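Numbers -9 to 264, taken from our numbering, label the letters of the sequence shown in order.
Quick notes on the structure that follows.
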Amino acid sequence: MAAPAGAGTVLGMEWAGEIAEVGPDASGVKIGDRVMGSGGAAFAEYTLADHGRLFRTPSNMNFEEATTLPIALTTMHNAVVTVGALQAGQAVLIQGASSGVGLMAMQIAKLKGAGLVIGSSTDAARRGRLKEFGADLAVDSSDPGWVDQVLQATSGEGVDLIVDQISGKVASQNLKATKVKGRIVMSAGSAAPTPIHFDLHAARRINYIGVTFRSRTIEEIHEIFDEVRKDIWPAVESRKLQLPIDKVFAFDDIGKAFAHMEANRHLGKIVVTL
């Protein structure tokens, strides 16, 4: 998740740890509570947290595991369930499924009773592991034939919902892979200009929705966290929803962690510990 930054900005958007101090307006938390959350300046010994952007870390989960979850849970519950309106028995395609949030999106879709979960990845090794995280079918979005594979898997109709984290050249292909009156939720994507086949969009009467945390108010973000707690938190506590940790780095090796991420060979989350 990108955020405006400049020289001197402390990076990092999600973390887990213990509450060291509380402000006068914080509610439902106390010093010593084990929590995970999202917000700025995660790559530091201390960060300032908003009490409404916290989850309690389950007793059966360590901090390394907990820190992988806040952004994936909130982003993809919102995209798949709240905005995407996935219903039991429907078909869903997650573009960019081998990312941390993509892996979580497939698990949430399966948890909510999706009839068919399709995940895309351009990397053969990662594509081969998508079924471990709920995919019934894995496709290569760099192969023009992926749309035909989706249509074949859905009896020619297309999927009910696409959560797109790629955009770019797949944007118009997505329209072909979505059924009439289906939904596309744009969760992230290419910064480059994206061509859209508007006539196909209109012909298939697709509901195309953009989502991001960057333009949301703090009240809206609190609501998203509340929805996760109400709807899927038992699945987090039972470890039914979890993410793999690719590698853990000590804080002194944070440069190596970024290099590992930029190599783009990991599956799951890269964690930095203090």
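Idealized CB from N, CA, C, for every residue including glycine.
All of these numbers come straight from a predicted model, not from anything done at the bench.
With distances taken from CA atoms, which of T184, T47, P60 is nearest E8?
T47
Do T58 and S177 have their C-beta atoms closer together than 9 Å?
no
Three-state secondary structure (DSSP) at G27?
strand
Pull up the CB-CB distance for N52 and V201, whole angstroms please, since I reckon it's below 8 Å.
About 30 Å separates the two Cβ atoms, so there is no contact after all.
At the level of alpha carbons, what is the spacing between I244 and H187?
42 Å
For T72, I'd like the list of residues in its chain whose CB is within less than 7 Å of its CB, leaving aside the five on either flank, ordered along the chain.
E217
Nearest by alpha-carbon distance to P14: which of W5, D40, A6 is it?
D40
Is the beta carbon of R173 sitting closer than 9 Å to the one on D138?
no
Sub-9 Å separation of Q97 and G124 beta-carbons
yes
Which residue from A31, E11, G86, F33 puts its Cα closest to that of R24?
E11
So which of V175, G79, K159 has the shortest CA-CA distance to A104?
G79
Could you pull out every residue in the same chain whose Cβ sits closer than 7 Å to the Cβ of A62, ignoring the five residues on either side in sequence?
G90, V91, M94, L233
Segment limits, beta strand (DSSP E) that includes V153:
149 to 154
For V129 versus S145, is the C-beta distance shorter than 9 Å?
no
On the DSSP letters alone, give me the boundaries of the beta strand (DSSP E) that E11 sits inside.
It is not in any beta strand (DSSP E) - E11 carries neither H nor E in the DSSP assignment.
Where do the ends of the beta strand (DSSP E) carrying Q85 lie?
81 to 85
Sub-9 Å separation of E4 and G27 beta-carbons
yes
Taking the beta carbon of V160 as the centre, do at least 16 other beta carbons fall within 10 Å, making it buried, or is it exposed?
buried
For a minimum of 4 consecutive residues, which ranges assigned as the alpha helix (DSSP H) are wholly contained in the stretch 119 to 190?
136 to 143, 160 to 167
Quick one: what's S110 bridged to in DSSP?
V129
Where the alpha helix (DSSP H) through V91 begins and ends:
90 to 101
Let me know if P183 comes out buried or exposed under the rule of 16 or more other beta-carbons within 10 Å of its beta-carbon.
exposed
DSSP on G42, reduced to helix/strand/coil?
helix
Use the C-beta contact count for V170: other C-beta atoms within 10 angstroms, 16 or more gives buried, fewer gives exposed.
exposed
If I21 and L101 are in contact, beta carbons under 8 Å, what's the gap, nearest whole angstrom?
Contact flag wrong, Cβ pair sits at about 34 Å.
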